[in-house]
Each structure stands twice: as structure tokens, then as C-alpha cells.
Amino acid sequence: MSRFFSNKHAALVPYTPGEQPQDKEYIKLNTNESPFPPSAGVYDAVSRAAESVNLYSDPECKKLRAKMAEVFGLSDENIVMVNGSDEILNFAFMAFADENAPLAFPDITYGFYPVFARLNHIPYAEIPVKDDFTVDVNDYLGIHHTVVLANPNAPTGICLSLAEIEAIVRSNPDNVVIVDEAYVDFGGESAIGLIAKYDNLLVCGTFSKSRSMAGVRLGFGFGSKALIADINTIRYSTNPYNINSLTAAAGIAALEDNGYYMENCEVIIENREWTVAALRGLGFEVLPSKTNFVFAQSGKIDGLTLYRKLKERGILVRHFTLPRIADFNRITVGTIEQMQCLITTIKELTE
Ligand code: PMP
26 MSRFFSNKHA
36 ALVPYTPGEQ
46 PQDKEYIKLN
56 TNESPFPPSA
66 GVYDAVSRAA
76 ESVNLYSDPE
86 CKKLRAKMAE
96 VFGLSDENIV
106 MVNGSDEILN
116 FAFMAFADEN
126 APLAFPDITY
136 GFYPVFARLN
146 HIPYAEIPVK
156 DDFTVDVNDY
166 LGIHHTVVLA
176 NPNAPTGICL
186 SLAEIEAIVR
196 SNPDNVVIVD
206 EAYVDFGGES
216 AIGLIAKYDN
226 LLVCGTFSKS
236 RSMAGVRLGF
246 GFGSKALIAD
256 INTIRYSTNP
266 YNINSLTAAA
276 GIAALEDNGY
286 YMENCEVIIE
296 NREWTVAALR
306 GLGFEVLPSK
316 TNFVFAQSGK
326 IDGLTLYRKL
336 KERGILVRHF
346 TLPRIADFNR
356 ITVGTIEQMQ
366 CLITTIKELT
376 E
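Just remember that the working numbering sits 25 ahead of the position in the sequence shown, which is counted from 1.
Structure (C-alpha cells):
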């Protein structure tokens, strides 16, 4: 830390992104990316958009939001586009949480929530998930906090039902409930349909997982017109050009090929079920996943050792040091060939 670093951030512990190693080719199952390339239309759209990068991008993202409205069945005034869904989490915390509306989220969830909370000096309650790693809905009913729930949750992969989400939203009418649906396309139930009914619901999503564009950095938020206007107040006070023109073009093209991505999700779901069965066959405990990853622990080898040994053999998975989950690894679901290789390697390591 330099002597100039502001005291207000002195205690900040930044988020640790998953490894993106450049040293050799790995079977990369550590950051929940899609193993499939973007659709052909994305390549063409990006190269066409490259011709006008001398101009600023459209801060309103008009064309992209119109396409989003069509695909998701909303009005464009219910939509804001962001530079990866991480950005909307930060914006939403800035907009809707403070000491009078502190944050509440599970103790086992996306690691960026406490980081954004601390960055913005917002107090937060970490509510323990149950022993089976499920979220207890009762903990969030009438909690009088700004609630943030990843649904499905990460890194557990476990999903709450739409009825459970609705109960939380309904019971907290004076607080915003942020539902982070980064993984919803792999078997969860989206809360988008509740937006017309509740003015306190913000749903966030991303093109990083189901739409094969983690490197493009494109996310979105859905909510009432007033909530979206508040997010825009923060966005225009931070970075109005948060969506560059190549990203916007890629997003529009991806939505035009939505069927391709949804078919890929079906393949990932099949590969996930195959992987879950194979891991259970090897004696692993695997949590019930509705995502493009599985969270699993071997009874024979601890999480960190398994992570290290897999890495030595060219397979990257994600290990978290948090004591409650240190025996687990989060394994992204890739192609069936990648998963077969993973299982063969784990078999060798655990026999
Ligand atoms: N929410 C959750 C639960 C995630 O796991 C991730 C990915 N790490 C994100 C949001 C952010 O994804 P992105 O910024 O790539 O949209």
C-alpha cells in the first residue's frame, strides 16, 4: 500500500477472481465459463462495429435494450445494461443500501457481495445457510435489510423456488431485493415475471455463462421503471459509456441467435447430470445443482489437495478456503470430453 492510499479503503480485502493462467493449456473448469464459442453472428457484428470505434458508444444502449425487451418480454424502461453483472451489483448496493437499509446475504454465496459492501461502507449481515447448504427462506422474511440472493446460489448451485423468492420480495416491501440470476438458464426459475408486480425487485443477469461471452463483459438489470432510473443515476455518475460499442453489437447478435445458446444450455445440463452421477459413483457428496457447475467433496481427499493434484494434471477447478466449504471444489461443467477426462483423472487420484 502506498502512503497515499485513502484510509477509507485501508481495510479493503479485494475480490480474488478465478485463475486465468497463461502458462499452459488447461481443461478450464474453474470460472464457470461456457465451453462453447459464441454464435457466428457475434463475430460478424463485432467486426462491423469495429469500423466505428472512433465514436463513443450509445450510453442509452437503445438498440440493445430494444432487443433485450423483445427477448425477455419487458419494456425497455425496465432494463439497464452493465459491464458484466458485477457492475450492477456494485451500482445496486450504492443505490439501495446504507446504514438504514443494510445488506443481508447468505454466508456461503458469491464472494463479491461482501467486497462491494465494504467498498461502499455498507453494513451487512451474513446469514448462515443450513447444514445442507440450502438458504432458509424464513431468515429473510420481513428482515428490513436490502436482500441479495444469488438464485441459483454460487458456489453451491442450489436453487430457491420462484414462490420462495416471491415470499421474500413480498415480505420486504420497503427494501429492495436483488436476485442475482447469473446461472438461471441452467435450470432455475427466473423472477422476471414478478417485476410488474413488485416495485422492490431487481433481477440481475449476465451474458458470461449461458451466452458464452464472459470476455465481452455484458450484464443486465431488470426492475421497475423507478429502480432502473436510480441505477442509471449511479451509472451516469460513474461511467455512462459502460457498454462499449463492440460489446453492444455482440449482445444484439447473441440475442438474435438466442436459440443456439439455449440449446447449449441443454447440453450443459445433460453433461452436468452425467458428471454428478459419475462423481457420486466415486463416493463424492455432490450438492443438487441447477447451474453450469457442481459443488462436490470427496470423502477420500481434501478439497485443497484435490484442487492441487488436478492442477498438476492440467485440470483447473475452483477451491475456496472458507472453513465451511474448504473440503469442497466447485467444478464448471464443460464438454462431455472434458468431464470424462476429469472423472478419469479423479479416479486415478483417489484409487
Ligand atoms: N453473480 C454470480 C453469482 C457469479 O458467480 C458471477 C460470476 N463470477 C457474477 C455474478 C458476475 O458475472 P459477470 O460480471 O461476468 O456478469
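Glycine is no exception: its CB is placed at the ideal position from the N, C-alpha and C atoms.
Predicted model only: the values in this text are computed from it and were never measured.
Going by the C-beta, is S237 closer than 7 Å to any heavy atom of ligand 1?
Every heavy atom of ligand 1 is 7 Å or more from the Cβ of S237, so no.
Beta carbon of S249, beta carbon of I220: below 8 Å?
In contact: S249 and I220 (Cβ atoms closer than 8 Å).
Whose C-alpha, out of C86, K234 and D352, is nearest the C-alpha of D101?
Of the listed residues, the one whose Cα sits closest to D101 is C86.
CB of G244 to nearest heavy atom of ligand 1: below 7 Å?
G244 Cβ: within cutoff of ligand 1.
Under the assumption that I253 contacts V105 (Cβ atoms under 8 Å), give the Cβ distance between them as a whole number of angstroms.
5 Å between Cβ atoms; contact.
Can you tell me whether T8 sits near ligand 1, meaning its C-beta is under 7 Å from at least one heavy atom of the ligand?
Examination of residue 8 is not possible in this model, given that the chain is present from 26 through 376 alone.
Sorry if obvious, but does the Cβ on A275 come closer than 7 Å to a heavy atom of ligand 1?
A275 Cβ: outside cutoff for every heavy atom of ligand 1.
Give the secondary structure of N354 by DSSP, where H, G and I count as helix, E and B as strand, and everything else as coil.
Three-state DSSP puts N354 in a strand.
Keeping to the same chain, check which residues put their C-beta closer than 7 Å to that of K372; ignore five residues upstream and five downstream.
Answer for K372: L307, listed in chain order.
With a threshold of 8 Å, are at least 3 pairs of Cβ atoms found where one atom belongs to the segment 211 to 230 and the other to the segment 238 to 249?
Touching, yes, given that three or more Cβ pairs across the two stretches are closer than 8 Å.
Please list the segments of the alpha helix (DSSP H) lying wholly inside the segment 118 to 205, counting only runs of 4 or more residues, in order along the chain.
Runs found: 137 to 144 and 187 to 196.
Are N317 and Y332 closer than 8 Å when you measure CB to CB?
Cβ distance not < 8 Å, so N317 and Y332 don't count as in contact.
Could you tell me if N176 is buried or exposed, where buried requires 16 or more neighbouring beta carbons within 10 angstroms of its beta carbon?
Under this definition N176 is a buried residue.
By Cβ distance, which residues of its chain are closer than 8 Å to H34, with the 5 residues on each side in sequence left out?
Here the set comprises L144.
Using only alpha-carbon positions, find the residue among L243, K325 and A239 that is nearest to N55.
Comparing Cα positions, the closest option is A239.
Under 7 Å: does the beta carbon of D205 sit that close to some heavy atom of ligand 1?
Under cutoff, so the answer is yes.
Would you call the segment 86 to 97 in contact with the segment 274 to 282, where contact means no fewer than 3 C-beta pairs closer than 8 Å?
The segment 86 to 97 vs the segment 274 to 282: in contact.
Which complete beta strand (DSSP E) runs does the segment 29 to 53 hold, if anything under 3 residues is left out?
For the segment 29 to 53, not a single whole beta strand (DSSP E) run of length 3 or above is found.
The alpha helix (DSSP H) with A221 in it runs from where to where?
Where A221 is concerned, there is no enclosing alpha helix (DSSP H), given that its DSSP letter is neither H nor E.
Please state whether DSSP places M93 in a helix, a strand or coil.
Correct three-state label for M93: helix.
My output table needs one value for L227: the three-state DSSP class, helix, strand or coil.
Looking at L227 - three-state DSSP - the assignment turns out to be strand.
What does the Cβ neighbour count give for T263, buried or exposed, with the cut at 16 atoms within 10 Å?
That one is exposed.
For N283, verify whether its CB is less than 7 Å away from any heavy atom of ligand 1.
Every heavy atom of ligand 1 is 7 Å or more from the Cβ of N283, so no.
Taking the straight line between their C-alpha atoms, what separation do you get for P84 and I256?
Those two C-alpha atoms are separated by around 13 Å.
Confirm, please, whether the CB-CB distance from P139 to E124 is below 8 Å.
Their beta carbons are not under 8 Å apart, which means E124 does not touch P139 by this criterion.
Below 6 Å CB to CB, which residues in the same chain sit around S64 once its five sequence neighbours on both sides are set aside?
Excluding residues within five positions, the ones whose Cβ falls inside 6 Å are D282 and Y285.
Using alpha carbons as the reference points, say which of L329, E44 and V319 lies closest to N296.
The shortest C-alpha separation from N296 is found at V319.
Just how far apart, CA to CA, sit T258 and N163?
Looking at the two C-alpha atoms, the distance is approximately 33 Å.
Please identify the residue among N225, S72, V172 and D111 whose C-alpha is closest to the C-alpha of N103.
Nearest C-alpha to N103: N225.
Would you say the segment 70 to 84 touches the segment 199 to 210, given that touching needs at least three Cβ pairs under 8 Å?
The answer is no - the segment 199 to 210 does not touch the segment 70 to 84, with fewer than three Cβ pairs under 8 Å.
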